[in-house]
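Chain order of the listed sequences is A and B. Heads up: the first sequence runs through residues 1 to 224, numbered per our numbering. Heads up: the second sequence runs through residues 225 to 642, numbered per our numbering. We put the CB at the ideal spot given by N, CA and C, even for glycine. What follows is one structure encoded as structure tokens, with my remarks underneath.
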Amino acid sequence: MLEVEGLKKSFRAPDGEVTAVVDVASFVLAAGEQVALQGTSGSGKTTFLHLIAGILKADAGRVSIDGQEMTALPEAGRDRLRASTIGYVFQTFNLLQGYSAVENVILGMAFSGRRDPARARTLLERVGLKDRLDYKPRQLSVGQQQRVAVARALANRPRLVLADEPTGNLDRRHAADALALVREVCREANAALLLVTHDPGAAGSFERVERLEGINRAAVGGPA
Amino acid sequence: MKGLLLLVRRSLRQHALSTSVTVGSAALACGLVMAVFSIQSQAREAFTGVPVGFDAVLGARGSPLQLVLNTVFHLETSPGNIPWSLYEAMRSDGRVETAIPYAVGDNYRGFRIVGTTLDLFRDVQVRPGEMLRPAPPGRLFDPTLREAVVGDFVARRAGLALGARFHAYHGLDFDESQRHAAEYVVVGVLEPTNSPTDRVIFIPIEGVFRLERHVLRGGGEEYEAKPGEPIPDEHKEVGAVMLKLRSKQAGFLLRQEINNQGAVATLAWPVGLVLAEFFEKMGWILRVLELVAVLVVVVAAGSILASLTNSIRERRREFAFLRALGARRRTVFGSIVAEAAAIAALGSLLGLLVHAGILGGAAVVVRAQTGIVLEWLRPHPILWIAPLGMVVLGALAGILPAIQAYRTDVASHLTPTS
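Here is the structure:
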């Protein structure tokens, strides 16, 4: 479902020094598979997810999602592919403050051409926010905001969900609930899940756990 | 497309205060430019095309424009008087169809009193087939009595209803101390004509001659009318003679004779052209007004640009989130341009109300001052050009902030590091 080969990304520091952040020889994720990716802070986890999602353009290598090569596409093509096949859950949720819960979820599908308000409501009901549809993010608790973010990530019926430290801003109890929810709804939607975390407890519940240092030669070489 | 509309709608609501301010400035600008063009156009049309019923005005030597403004629009002061004999000469001239004498120089509460003859009501058509007629049960004045026929606007504003009695006041500006002793009674209120005539009080011309302190100099020496005695024609004088000519050629010839060969009087002919020339001379002022109005629109577009540019700084994260959700750069770009155009469009819609408000206010003032009626909703190309131009300018103003939004670096505005 997701195939990564020879993926490389470097950044130029203000002083001109070029630092390699991602150097992944191979990484594969099967359809519906759930993988936790662990790594120390600054090891390039977020950059790796951004490269998979096509938010960043790789210096070299190949990212293929369901047979469509993300790295071969121009920016607009990457946007289109991301909008139609990838759901993204952020550590800070990144909900749009001026939009209600249901509108935030609708935005998750708005750019894939599959705008379906009924589905947005169903998803929010599924994550237990049936009575919070029209609430603005600031009117929701942190845990509820994360649920909205999960619902939004699934709004476009993604084949792949990328979750970047989705429990990083939650306390232990809410973190466990949120993690269970993400995994459950991905399983129900048959979406593959690549969850980045530095929390050993969160990673412990996954059948497959990868250490970034194990796949990322740049991370082994030193933090970005 | 629906996604884009949602973005625009939400952003407008989310930034309600700045949206309201910029919409307000766009509305004022758009309304102002519409009002300036519309009032200017209607005023020009009213002054140069108003139905006056006369082709020419004969008056004292001086400015034809002053003569026309004084006698047709009842503005300005009279350039002076001409002997009664000139009126008689015009009346008997074969090239003249109708000659009506006007004696001016008095007022009632600021409304001008014109002494004239019944010929005005019998021979002059304000518009084709439309005479100056008193509304029933009123009637025309008896030229031998102290009776008056008043315009519709005067009747309403000065309370001169049928049967009302009033005194004339000397001069064109109302001054309590200048009251004439003679009392007049209103015997007719003219049907409204939507012309300067609505602001006039007509009395018999003999009455003007006989008002105390009125000195006649028609014969060169001063003469004051004596009660009970007829006034010799050689002493009479009039402010102007309103003329209806039989042909254009008559106008050319009379103008040649009076203006070029004569030295006593001035013939303002044709009335419309005199005013058109005035507007031509005043054209640069109108152009400046138009330019100022257009500049205000540009400033309003600038305020849209400034408002959006400021908001872009705080919205970069929002754009990054949207991009992460799959929004393309052009969607973000388009949403900002559409937002700017929407602000301008809302401003334009409100601008129509501002335009109606300004025109409504101006109409009241112009009506009171000149008797000319400006229409609130008279179609004018500016009513669609200005809103369209505002929207285009608004959209153009949105391009710079849209480029800033377009250039938002997604990765650096999402969680940048693990």
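Could you spell out the range, first to last residue, of the alpha helix (DSSP H) harbouring residue i?
i, result
"B/Thr594", "Arg553 to Thr594"
"B/Thr533", "Gly507 to Ala548"
"B/Leu386", "Element bounds for B/Leu386: n/a, residue is neither H nor E."
"A/Phe93", "Per DSSP, A/Phe93 belongs to no alpha helix (DSSP H) and is neither H nor E."
"B/His604", "Premise fails: B/His604 is in no alpha helix (DSSP H) and is neither H nor E."
"B/Phe335", "Premise fails: B/Phe335 lies in the beta strand (DSSP E), Phe335 to Thr340, not in any alpha helix (DSSP H)."
"B/Ala359", "Unbroken run through B/Ala359: none, as it is neither H nor E."
"B/Asp347", "Asp343 to Asp347"
Could you spell out where the beta strand (DSSP E) holding residue i opens and where it closes?
i, result
"B/Tyr311", "Looking at the DSSP string, B/Tyr311 is not in any beta strand (DSSP E); the run it does join, the alpha helix (DSSP H), is Trp308 to Ser316."
"B/Tyr332", "Val320 to Tyr332"
"A/Asp23", "Val18 to Leu29"
"B/Thr490", "Ala489 to Ala492"
"A/Ile106", "Taken as a continuous stretch (DSSP letters only), A/Ile106 belongs to no beta strand (DSSP E), being part of the alpha helix (DSSP H) at Ala101 to Ala110."
Out of the options, point me to the one whose CA is closest to residue i's CA.
i, options, result
"B/Val634", "A/Ala101, A/Ile55 and A/Leu73", "A/Ile55"
"B/Tyr311", "B/Arg591, B/Arg547, B/Ala464 and B/His579", "B/Ala464"
"B/Ala284", "B/Gln264, B/Cys254, B/Met258 and B/Pro325", "B/Pro325"
"A/Leu195", "A/Val63, A/Arg208 and A/Leu107", "A/Arg208"
"B/Gln238", "A/Gly128, A/Ala151, A/Met109 and A/Gly98", "A/Gly98"
"B/Leu229", "B/Thr555, B/Ala592, B/Leu513 and B/Pro494", "B/Thr555"
"B/Lys450", "B/Val432, B/Leu499 and B/Thr417", "B/Val432"
"B/Lys468", "B/Glu446, B/Trp493 and B/Gln480", "B/Trp493"
"B/Asp397", "B/Ile337, B/Thr341, B/Arg351 and B/Pro367", "B/Ile337"
"B/Asn331", "B/His298, B/Ala313, B/Ser249 and B/Leu342", "B/His298"
"B/Glu542", "A/Glu5, A/Asn94, A/Arg12 and A/Leu37", "A/Asn94"
"A/Leu181", "A/Gly143, A/Ala118 and A/Phe27", "A/Gly143"
"B/Asp279", "B/Arg511, B/Ala489 and B/Leu478", "B/Leu478"
"B/Pro352", "B/Asn483, B/Leu435 and B/Thr417", "B/Thr417"
"B/Asn305", "B/Val462, B/Pro288 and B/Gly526", "B/Val462"
Could you compute how far the alpha carbon of residue i sits from the alpha carbon of residue j?
i, j, result
"B/Asp457", "B/Gly442", "8 Å"
"A/Glu103", "A/Ala120", "8 Å"
"B/Glu354", "B/Pro420", "15 Å"
"B/Ser661", "B/Leu515", "Only positions 225 to 642 of chain B appear in the structure, and residue 661 of chain B is not among them; the question remains open."
"B/Phe476", "B/Val296", "20 Å"
"A/Gly87", "A/Leu170", "20 Å"
"B/Arg208", "A/Gly39", "Any property of residue 208 of chain B remains undetermined from this structure, which presents chain B solely from 225 to 642."
"A/Ala224", "A/Asp15", "Caution applies to A/Ala224, whose pLDDT of 37 falls short of 50 and renders its modelled position unreliable; the model cannot decide the point."
"B/Val439", "B/Lys460", "9 Å"
"B/Ser471", "B/Val320", "8 Å"
"B/Pro361", "B/Asp399", "32 Å"
"A/Gly67", "A/His174", "36 Å"
"B/Gln628", "B/Ile536", "7 Å"
"A/Arg183", "B/Leu624", "43 Å"
"B/Leu342", "B/Gly277", "15 Å"
"B/Gln402", "B/Glu446", "21 Å"
"A/Leu160", "A/Asp131", "28 Å"
"B/Thr243", "B/Val257", "21 Å"
"A/Gly214", "A/Leu2", "18 Å"
Would you decide whether residue i is buried or exposed? Buried here means 16 or more other CB atoms lie within 10 Å of its CB.
i, result
"B/Trp308", "buried"
"A/Asn216", "buried"
"B/Pro428", "buried"
"B/Leu241", "exposed"
"B/Ser636", "exposed"
"A/Gly35", "Gly is not the amino acid found at residue 35 of chain A; the sequence shown has Val there. Flag for A/Val35 reads buried."
"A/Val4", "buried"
"A/Glu165", "buried"
"A/Gly204", "exposed"
"A/Glu210", "buried"
"B/Glu371", "buried"
"B/Lys505", "exposed"
"A/Gln146", "buried"
Quick one: what's got a C-beta closer than 6 Å to residue i's C-beta in the same chain, skipping five residues either side?
i, result
"B/Gln290", "Glu300 and Pro303"
"B/Phe557", "Ala626 and Tyr630"
"A/Ala83", "Phe111 and Ser112"
"B/Thr641", "Confidence is the limiting factor: at B/Thr641 the pLDDT is only 41, short of 50, which leaves the residue's position unreliable and the question unanswerable from this model."
"A/Gly168", "Gln91"
"B/Val247", "Ile567, Leu570 and Gly571"
"A/Val18", "Ser10 and Arg12"
CB-CB under 7 Å to residue i, same chain, minus the five flanking residues each way: which ones, in chain order?
i, result
"B/Pro358", "Leu364, Val373, Gly412, Val413 and Leu414"
"A/Val105", "Ala120, Leu123, Leu124, Val148, Ala151, Arg152 and Ala155"
"A/Asp23", "Lys8, Asn216, Arg217 and Ala218"
"B/Pro611", "Cys254, Ser572 and Gly575"
"A/Leu129", "Ala101, Gln144, Arg147 and Val148"
Can you find a CB in chain E that lies within less than 9 Å of the CB of residue i?
i, result
"B/Gln238", "You won't find chain E in this structure, because its protein chains are A and B."
Does the ligand ZN have even one heavy atom less than 8 Å from the beta-carbon of residue i?
i, result
"A/Gly87", "Among the ligands in the structure shown, none appear at all, so the ligand ZN cannot be discussed."
What does a CB cutoff of less than 8 Å around residue i pick up in its chain, not counting 5 residues either side in sequence?
i, result
"A/Gly221", "Low confidence applies here, because A/Gly221 scores a pLDDT of 49, under 50, leaving its location unreliable; read the following figure in that light. Excluding residues within five positions, the ones whose Cβ falls inside 8 Å are Ala20 and Asp23."
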